[in-house]
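Peer 1:
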Amino acid sequence: MSFAISKPITIMGANASGKTGLALELARRTDGEVISADSKQIYRHLAAGTSKPAGTWKTVLGRELYMVEGVPYHLVDTVDPKSAYDAGTYAAQAKPLMDAISAAGKTPIIAGGTGMYIQALWNGLDQLPPADPDLRRTLSDLAEEKGREALHAELAALDPRAAAMIPPGNIQRVMRALEITKLAGRPVSELWTGRFGNALPGHLGVFVFLKWDKELLSGRIKDRTAAAFDDWAEETRGLLAMGYPEDAPALKSLGYPQVMDFISGRITRSEAIHSIVAVSMSYAKRQNTWFGRYKNAMLIELRSPSDYDPGRLADRILLAGERGT
RNA sequence: GGCUGGUUAGCUUAGUCGGUACGAGCGCUCGGCUGAAAACCGAGAGGGAACGGUUCGACUCCGUUACCAGCCA
Numbered sequence: 018m019s020f021a022i023s024k025p026i027t028i029m030g031a032n033a034s035g036k037t038g039l040a041l042e043l044a045r046r047t048d049g050e051v052i053s054a055d056s057k058q059i060y061r062h063l064a065a066g067t068s069k070p071a072g073t074w075k076t077v078l079g080r081e082l083y084m085v086e087g088v089p090y091h092l093v094d095t096v097d098p099k100s101a102y103d104a105g106t107y108a109a110q111a112k113p114l115m116d117a118i119s120a121a122g123k124t125p126i127i128a129g130g131t132g133m134y135i136q137a138l139w140n141g142l143d144q145l146p147p148a149d150p151d152l153r154r155t156l157s158d159l160a161e162e163k164g165r166e167a168l169h170a171e172l173a174a175l176d177p178r179a180a181a182m183i184p185p186g187n188i189q190r191v192m193r194a195l196e197i198t199k200l201a202g203r204p205v206s207e208l209w210t211g212r213f214g215n216a217l218p219g220h221l222g223v224f225v226f227l228k229w230d231k232e233l234l235s236g237r238i239k240d241r242t243a244a245a246f247d248d249w250a251e252e253t254r255g256l257l258a259m260g261y262p263e264d265a266p267a268l269k270s271l272g273y274p275q276v277m278d279f280i281s282g283r284i285t286r287s288e289a290i291h292s293i294v295a296v297s298m299s300y301a302k303r304q305n306t307w308f309g310r311y312k313n314a315m316l317i318e319l320r321s322p323s324d325y326d327p328g329r330l331a332d333r334i335l336l337a338g339e340r341g342t
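Structure follows, in C-alpha cells:
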C-alpha cells in the first residue's frame with residue numbers, strides 16, 4: 018500500500034522500543050525522510066553506545082546525506098563530540114528540514130526518544146536568552162562554594178514565583194532560571210508564556226507513542242547492551258585515543274561512564290553491562306513519563322514480542338493519518 | 001568437632017549503653033521537566049533470622065536452634 022499523505026509523522030518512545038525500524042518502514046511506504054530527535058545520536062563517532070542506525074554518508078544532488086537502508090536520515094552523526102548541542106539548536110535545525118521535506122512532497126518522519134527536542138520542535142521554546150557558559154560557570158562556582166540553597170535563595174529574591182516551582186536541589190534548573198533572569202533583566206516567570214505545554218499540535222501531524230511492557234523492554238535492553246558492548250568499548254577507546262576528554266558533552270551520555278570504568282579496569286565487563294542496563298531502564302521510565310504527558314498522541318502499547326510488527330504498525334499509523342487529513 | 005564474631009528494608013549497611021527505627025545508598029513504584037535533557041530533580045512503599053525466658057516494657061539482656069564468616073583441630 019502507498020499513501021498520499023505528507024503530514025509529518027512523529028514516533029516517540031523509550032530507548033530500544035523500535036522507533037528506528039518503524040520510522041524506516043514508514044519512510045519506505047510514504048516516500049519519506051527521517052529526522053532524528055536524539056540528543057546523542059547527533060554526535061559523530063558515537064554509534065554502538067547510542068544505537069545509531071547504521072548508515073553511510075552520500076552526496077545526493079549536491080547534498081551530503083546520511084543514508085540508512087536507502088532512506089535519508091537527518092540530524093544524526095553531525096556534531097563533534099566535544100561541542101555542546103541543545104534543544105534550541107535542534108529546533109532551529111529540524112524545523113526547516115521538516116518544511117523542506119514537506120515542500121518536496123515527501124513525508125517527514127520524526128523519530129526519537131529525546132522528549133525535550135520533540136517538545137522544542139513542535140511546541141517551540143519561549144523567547145529566552147540562550148545559554149551563557151561564563152555565567153553558568155560563575156553560578157556553578159557559587160553553588161559549590163555556598164551551596165545549592167544559596168542559589169535558590171537568590172532566585173527567590175529575584176523571582177519568587179519561579180523559585181516556588183523549582184526545588185532547591187535541582188541546581189541545573191535553578192541556574193538556568195537565574196541565567197535567564199539576569200540576562201533578560203526580567204524574572205523568568207514573566208517570560209514563560211505557557212506554550213511549553215502538555216499537548217502536541219495534533220492538527221499538524223500524526224503523533225505516535227510506542228510503549229512497551231516493562232519486562233519486555235528490559236529484555237530488549239539487556240540483549241541490545243550485551244550485543245553492543247564490545248563494539249561500544251572499542252568505540253570509546255577510539256574516542257579517548259582521538260583526544261576527547263572523559264567529560265566531553267558526548268561522553269556524558271548514559272553508559273559511557275560505565276564503559277570507561279570497564280576500560281580502565283575499575284569494573285568487570287559483566288558489572289558494566291548490569292549497570293548500563295539499570296541506568297537504561299531508569300532512563301526508559303523517565304522517557305515514558307515524559308511522553309505520557311501527551312494525552313492526544315496515539316498510544317501503541319506493546320505487550321508481547323509479536324506486537325512489534327513494523328508493517329502492521331505502519332498500516333495503523335497511516336490509516337490514522339488519512340482519517341485526520 | 002571447638003573457639004570467636006555476626007544475623008537490621010529486595011541488596012549493601014548505619015545506629016540504638018532496654019522505653020515508640022530522625023537512618024543511608026542502590027533497587028522498586030509514581031511524578032516533575034522551556035537552549036546540559038541519555039541532563040537535572042521531587043515524592044512514596046518496604047525493616048529487627050526462629051523459638052523461649054527475664055522485664056511494666058526487649059531490636060537492644062539471657063538461653064536454645066538455624067544460617068554466615070574467621071581462627072583452631
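Using the working numbering, you'd call the opening residue of the first sequence number 18 and step up by one each time.
Just so you know, even glycine gets a beta-carbon here, dropped at the ideal spot from N, CA and C.
(1) Does DSSP put Y90 in a helix, in a strand, or in coil?
(2) So for P70, helix, strand or coil by DSSP?
(3) Can you name, in chain order, every residue of its own chain whose Cβ lies under 8 Å from the Cβ of I279, other than the five neighbours on each side?
(4) If you run the structure through DSSP and keep just helix, strand and coil, what is Y83?
(5) Helix, strand or coil: which one does DSSP assign to F213?
(6) Are the region 109-117 and the region 153-167 in contact at 8 Å, needing three or more beta carbon pairs?
(7) Pick helix, strand or coil for M298, following the three-state DSSP scheme.
(8) Restricting to Cα atoms, I'd like to know which of I118, P322 and N187 is closest to P89.
(9) By the 10 Å Cβ neighbour count, where 16 or more other Cβ atoms means buried, how is L221 classified, buried or exposed?
(10) Does the distance from the C-beta atom of A33 to that of R237 stay below 7 Å?
(11) In angstroms with no decimal places, state the Cα-to-Cα distance between D326 and A194.
(12) Expressed to the nearest angstrom, what Euclidean distance is found between the alpha-carbon atoms of L134 and D143?
(13) When you compare each of A54, K24, L41 and E50 to Q304 by their alpha carbons, which one comes out closest?
(14) With distances taken from CA atoms, which of A40, D48, S206 and A64 is nearest R329?
(15) Just to confirm, are V223 and D176 a CB contact at a threshold of 7 Å?
(16) Could you give the DSSP three-state label for E171: helix, strand or coil?
(17) Report, in whole angstroms, the separation of the C-beta atoms of N313 and F213, which I expect to be a contact under 8 Å.
(18) Using only alpha-carbon positions, find the residue among A44, A31, K24 and K57 that is nearest to K269.
(19) From which residue to which residue does the beta strand (DSSP E) around S56 run?
Peer 2: In this structure, then:
(1) The residue you call residue 90 lines up with position 73 of the first sequence. Here DSSP, grouped into helix, strand and coil, assigns Y90 to strand.
(2) Against the first sequence, residue 70 aligns to sequence position 53. Looking at P70 - three-state DSSP - the assignment turns out to be coil, as it is neither helix nor strand.
(3) Numbered from its first residue, the first sequence carries residue 279 at position 262. Per the sequence presented here, residue 279 reads as Phe, with Ile not at that position. Only A250, T285, R286, E288 and A289 meet the Cβ criterion.
(4) Against the first sequence, residue 83 aligns to sequence position 66. It is a strand residue.
(5) Position 196 of the first sequence, counting from 1, holds the residue named residue 213. Reduced to three states, the DSSP call for F213 is coil.
(6) Counting Cβ pairs under 8 Å, fewer than three are found: no touch.
(7) Residue mapping note: residue 298 aligns to position 281 of the first sequence, counting from 1. In the structure shown, M298 sits in a helix (DSSP, three-state: H, G or I).
(8) The residue labelled residue 89 in the question sits at position 72 within the first sequence. P89 has its Cα closest to that of I118, out of I118, P322 and N187.
(9) As a working note, residue 221 is residue 204 in the first sequence. Exposed: under 16 other Cβ atoms inside 10 Å.
(10) For the purposes of this step, residue 33 is taken as residue 16 along the first sequence, with counting starting at 1. For the purposes of this step, residue 237 is taken as residue 220 along the first sequence, with counting starting at 1. In this structure, the beta-carbon distance from A33 to R237 falls below 7 Å.
(11) On the first sequence, position 309 is the one that residue 326 refers to. On the first sequence, position 177 is the one that residue 194 refers to. Distance between the alpha carbons of D326 and A194: 44 Å.
(12) The count along the first sequence starts at 1 and reaches residue 134 at position 117. The count along the first sequence starts at 1 and reaches residue 143 at position 126. In the sequence as displayed, the identity of residue 134 is Tyr instead of Leu. Put simply, the backbone Cα of Y134 is about 14 Å away from that of D143.
(13) As a position in the first sequence, residue 304 is number 287, starting the count at 1. Taking the Cα of Q304 as reference, the smallest distance to any Cα among A54, K24, L41 and E50 is reached at A54.
(14) Along the first sequence, read from residue 1 onward, the residue named residue 329 stands at position 312. Distance from the Cα of R329 is smallest, within the candidate group A40, D48, S206 and A64, for A40.
(15) Start at 1 with the first residue of the first sequence, and residue 223 comes out as number 206. Start at 1 with the first residue of the first sequence, and residue 176 comes out as number 159. Note that the C-beta distance between V223 and D176 is not below 7 Å.
(16) Along the first sequence, one-based indexing puts residue 171 at 154. Residue state, collapsed to three classes: helix.
(17) Counted from its first residue, the first sequence places residue 313 at position 296. Counted from its first residue, the first sequence places residue 213 at position 196. Rounded to whole angstroms, the Cβ separation of N313 and F213 is 16 Å, and the two are not in contact under 8 Å.
(18) For the purposes of this step, residue 269 is taken as residue 252 along the first sequence, with counting starting at 1. For the residues A44, A31, K24 and K57, the minimum Cα distance to K269 belongs to K57.
(19) As a first step, residue 56 is located in the first sequence; it is residue number 39 there, counting from the start. Here S56 belongs to no beta strand (DSSP E), and DSSP marks it neither H nor E.
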